[in-house]
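Top line first, the protein sequences correspond to chains A and B.
Residue numbers for the first sequence, in the working numbering: -11 to 480.
Residue numbers for the second sequence, in the working numbering: 8 to 298.
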Amino acid sequence: MKRFFQIVGLYLFHIFFVRPVVLFVVGTRYRRKHLAPRGPCIVVANHNSHLDAAVLMTLFPLWRLHRVHPVAAADYFGETLFMRLVAMTLMNAMPIARKPEQGQDPLAPIAQAIARGNSMIFFPEGSRGKAGVVAPFRTGIGRLVKDCPGLLVLPVFMSGPERIWARGQTVPVPVNIHANVGRPRTYDPGMEARLIAEQVRADVLALAPPPPAPPGRKSEPPLRVSICGVVGTELRREVFMEVTRRLGRIQPTIGLADRLVLRAEGELMQEAGGGIPLAYGRAWPTFLAGLFRTGGWFKGRAFGDMIERTRLSEALGDGRSCSYVVEEGNALIDVLTWAKADYYQGRMDEKEPQQLLRYITGKKRIAPGAWWGFIRKAPEIWLINLFHLARPPAPDLLVLLRQPPDRIMEGLRARGGELRGFENRAFLAELQERFGEVAEALRGRVRMLVLDMLIDGQGPAEIASRVLEEAVSCQTPGGPPEPDADREMVNR
Amino acid sequence: MGLPVPDSIVFLAIAVAVVGFVSLAVRGRGGRFRTLPMWAGFWIGFGLLLMILSLAPRWVSMPLLAAVMFASLRTYFFVAPMRLKDRYSVLLAYAAIPLILWPVYLGNMELFFNVVPVTLFLVFPAVLSIGYDHSGLLDSMGRGMLGVLFFLYCGAYLGLMTHLAPGTLPLFGILVLAAELPQRMAGGRRPKRLLGRLIVGVLVAGGIGYLLARHAGVGDWVGLNANKVALGAAFISLAVTAAHLVTNGIATDLEMNAPSTLMGRGVFLGRIVPAVYAAPFFYYFLILAGH
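Okay, here's the thing in structure tokens:
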């Protein structure tokens, strides 16, 4: 009966006070709220204000509120009757002892609650700390992950609460809150608790927005390295990872592949959620791709992924987030090559690649008279052009990986599953040839260096070394050797 | 027109619809045209605000205006943050909303012109200067003062216009749209092209204003002839250009270009600032025109 009244109080408090305050008074805006898992999880976030728990509780639908517990310090929130009422009853908090007695495991009730299917909100910093500073995470989160193998951890970074109601302030001052939600993930329970805590902290920090701009100085645009070509998918991904990792050691680097955004800085490489100032979204392009039946490399979801990747790449153009952008594939090159190999089948006149380039980059509209031809044979170009889905930037360094078609076919067969219609020796050889032609045609229009590599037994590390050499030489004052022929097309 | 709402409201709705249609039609050209539909979307909301201010009793419309001022100011302080120690001046800015809207509600211009300088221009800097650490004071003061100027001082003029003829606010909305649409379509806010843009903007807006007054009789709502409406539109066009100049300067300083704008909040400011910035200009013009 007591629990029943507690739940009623909790819901009334949230419906009439917490949610209106969070949504209307401080105007919280979420990014990727949909990533909050439907099952039990532990939400981990930076902590600067008493508002934090309230904001994180709004990530969950109302009907799940009674199963969401912010973890609260028993010594602080159990101090007075009023604090106990607000924290433990109205906010559904679960108290833990920050300084447990000998032999007592303060995390045991949390582990039990998770085992019962509840979700927790956890602030591993332990206290609100200094405004705007993310203190080192305590090992509690690591021990919790070890105690509950397979536990989903949802990282969230909040900006704003530190300005609203920081530690030591008595009166809250409304300013907007921005809650950036990361992808839920699990951690290896075999790792040391300290290492898990460090990893979780890195995941939370990866969601932080770009640093504020210093007055009077503009950032340099990043160097864009695109790894393209027809080779086994695994090899291309391995090269992409290796190049991202190695460039990250030199300067902050962001790697963009399908459904994978990596941030590499120093020795650390991890999935990035923040620092890229653009909302994600692939539903609309995927829907269009299904409706207009894009095919081949751009079939359905693959097209949506490509558009999302391109938009992210566009957003990184201001150079505030990183110094290098590494892409696995480049929409401009891939779409042009595919069109050349499939739509035109090599029968392009001199002007056509330029036309296509203008269509894809949005410099020119496809005339209505040509729509039907494009819808039938190259719907991806038509969709990009008509709906302005993206404006794919050209790379500064294009890495073209080639492999003998037989080797590619071997790789595809080894992948297992059925081969798709276009995965045959003749077409792949054709595609490979067209890649070279497109690169050559583009070189006359944009400032771009092409690194054409025939892979014959080299490993990803070896290829990455070569790419690194070229990328670094691109950034030296001499820059890429080609002068930019068409300023309009330059992606800077 | 025989509709249950005044003609001015219908015309404002039509103007917003036309702008929306034009924005959608040219959106495909990319570049600056790509953001036009979102701007038109903002104007659906802003147009509704103008309609409510124009139609509803002041005890309904003033709290709504206060809420809009509060939300805009809150967003502004998120995008252009002040020092952490300046939180009480932010609070003062919020507290100044009812103080400023009270004389607006009463229509007491004398009180308004005393409350604004005292509250915003004298007390606000003083609150900012409290304490010992003054590093970054001027920067913070500039940010804070700009926020209160845009959203409290300029926004209050929307409220003041409710005391004028019922068609004033819809006319203001229509003329701002007439001034902004050509400017947004023309683009080119670089210093070199500013003068050309300014001249063309003023001429186009004046021309649209003249045509609207001549053929649709929009000037009759506030008792202005076609020439005066054209002059008013040109005046608003000047204000809109100035607002764009200011917002561009702020956006450049904060490195907020279109794709990197934090969660789209800066974009919101870029849309609302020109609209509220033009309000005092229009009010001043109406006084000059002998309204």
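Note that beta-carbon positions come from the ideal geometry of N, C-alpha and C, so glycine has one too.
What you are looking at is a predicted structure, and each value in this text was computed from that prediction instead of being measured.
Does the separation of the CB atoms of residue i and residue j fall below 7 Å?
i	j	result
Glu450 (chain A)	Leu385 (chain A)	no
Arg90 (chain B)	Gly143 (chain B)	yes
Glu208 (chain A)	Gly307 (chain A)	yes
Pro88 (chain A)	Ala62 (chain A)	no
Val229 (chain B)	Leu178 (chain B)	yes
Leu19 (chain B)	Ser30 (chain B)	no
Gly151 (chain B)	Ser61 (chain B)	no
Ile107 (chain B)	Leu159 (chain B)	yes
Leu211 (chain A)	Tyr312 (chain A)	yes
Val188 (chain A)	Thr325 (chain A)	no
Glu315 (chain A)	Ser214 (chain A)	yes
Val31 (chain A)	Val144 (chain A)	yes
Val163 (chain A)	Gly178 (chain A)	no
Leu129 (chain B)	Asp93 (chain B)	no
Pro448 (chain A)	Glu259 (chain A)	no
Asp246 (chain A)	Asp293 (chain A)	yes
Taking 8 Å as the limit between beta carbons, can you name the residues of its chain near residue i, skipping five residues before and five after?
i	result
Val56 (chain A)	Met45, Phe48, Asn80, Asn106, Ser107, Met108, Ile109
Pro203 (chain A)	Residue placement at Pro203 (chain A) is flagged as unreliable, the pLDDT there being 44, under the threshold of 50; a coordinate-derived value is accordingly withheld.
Lys365 (chain A)	Asp330, Tyr331
Leu23 (chain A)	Leu142, Val169, Gly170, Arg171, Pro172
Ala42 (chain A)	Val6, Val9, Val10, Met79
Ile137 (chain B)	Tyr95
Leu388 (chain A)	Cys216, Gly217, Phe423, Gly424, Ala427, Val438, Leu439, Asp440, Met441
Phe1 (chain A)	Leu78, Met79
Ala193 (chain B)	Arg204, Val207, Gly208
I'd like the list of long-range same chain contacts for residue i, defined as Cβ closer than 7 Å, with 5 residues on each side in sequence excluded.
i	result
Asp322 (chain A)	Cys216, Trp285
Arg485 (chain A)	The structure shown does not extend to residue 485 (chain A), since chain A spans only -11 to 480, so no value can be given for it.
Phe291 (chain A)	Pro273, Thr274, Ala277, Thr282, Glu368
Arg65 (chain B)	Tyr112, Thr169
Gly226 (chain B)	Ala220, Asn232, Ala233, Lys235, Val236
Ala185 (chain A)	Pro112, Phe125, Arg126, Thr127, Ile129, Gly130
How would you label residue i, buried or exposed, when you count the other beta carbons within 10 angstroms and need 16 or more for buried?
i	result
Asn255 (chain B)	exposed
Met76 (chain B)	buried
Gly357 (chain A)	exposed
Gly128 (chain A)	buried
Arg131 (chain A)	buried
Thr2 (chain B)	Shown here, chain B extends from 8 to 298; a query on residue 2 (chain B) therefore has no answer.
Ile3 (chain A)	exposed
Val(-4) (chain A)	exposed
Gln92 (chain A)	exposed
Met116 (chain B)	exposed
Leu293 (chain B)	buried
Gly203 (chain B)	exposed
Asn36 (chain A)	buried
Pro112 (chain A)	buried
Gly254 (chain A)	exposed
Arg270 (chain A)	buried
Asn121 (chain B)	exposed
Lys134 (chain A)	buried
Going by beta carbon distance, what residues of the same chain come within less than 6 Å of residue i, once the five residues before and after it are set aside?
i	result
Thr126 (chain B)	Ala103, Leu106
Val9 (chain A)	none
Arg422 (chain A)	Thr325, Lys328, Ala329
Arg297 (chain A)	Leu244
Ala265 (chain B)	Note that Ala265 (chain B) scores 41 on pLDDT, short of 50, meaning its location in the model is unreliable; the coordinates nonetheless yield the value given after this. None.
*Residues, ordered as in the chain, of the region 389 to 416 of chain A that lie near chain B by beta-carbon distance below 7 Å*: The residues in question: there are none.
*Can you list, in chain order, the residues of the region 64 to 96 of chain B whose Cβ is nearer than 7 Å to any Cβ on chain A?*
Ala78, Arg81, Thr82, Phe84, Phe85, Pro88, Leu91, Arg94
*Against chain A: residues of the region 132 to 157 of chain B by CB proximity under 7 Å*: none
*Counting only runs of 4+ residues fully inside the region 85 to 157 of chain B, write out the alpha helix (DSSP H) ranges in chain order.*
94 to 113, 116 to 123, 131 to 135, 144 to 155
*Give the residues from the region 158 to 174 of chain A that approach chain B closer than 7 Å (Cβ to any Cβ), ordered along the chain.*
Val159, Val161, Pro162, Val163, Asn164, His166
*Selection of the region 114 to 125 of chain A by Cβ proximity to chain B, strictly under 8 Å*: Ala119, Gly120
*For the region 143 to 158 of chain A, enumerate the residues whose C-beta is nearer than 8 Å to any C-beta of chain B, in chain order.*
When CB distances to chain B are screened at a threshold of 8 Å, the residues of the region 143 to 158 of chain A falling below it are Gly148, Glu150, Arg151, Ala154, Gln157, in chain order.
_Every unbroken alpha helix (DSSP H) inside the region 297 to 364 of chain A [4 residues or more]_ = Counting only runs of 4 or more, we get 319 to 326, 340 to 348.
*What residues in the region 96 to 125 of chain B bring their beta carbon closer than 9 Å to a beta carbon of chain A?*
Val97, Leu98, Tyr101
*Quick one: which unbroken beta strand (DSSP E) runs of 3-plus residues sit fully inside the region 399 to 464 of chain A? Chain order, please.*
437 to 442
_Ignoring anything shorter than 3 residues, give me the beta strand (DSSP E) runs that lie fully in the region 92 to 155 of chain A, in order along the chain._
107 to 110, 141 to 147
*Quick one: which residues of the region 354 to 383 of chain A get their C-beta closer than 9 Å to a C-beta of chain B? List them in chain order.*
Asn373, Leu374, Phe375, His376, Arg379
*Please specify which runs of the alpha helix (DSSP H), each continuous and at least 4 residues long, are wholly inside the region 35 to 71 of chain A, giving them in chain order.*
39 to 45, 62 to 65
*asked:* Which residues of the region 1 to 18 of chain A have a Cβ closer than 8 Å to any Cβ of chain B? Give them in chain order.
replied: Val14, Gly15, Arg17
*Using Cβ-Cβ distances below 8 Å, what residues of the region 15 to 35 of chain B are close to chain A?*
From the region 15 to 35 of chain B, only Arg34, Gly35 have a Cβ closer than 8 Å to chain A.
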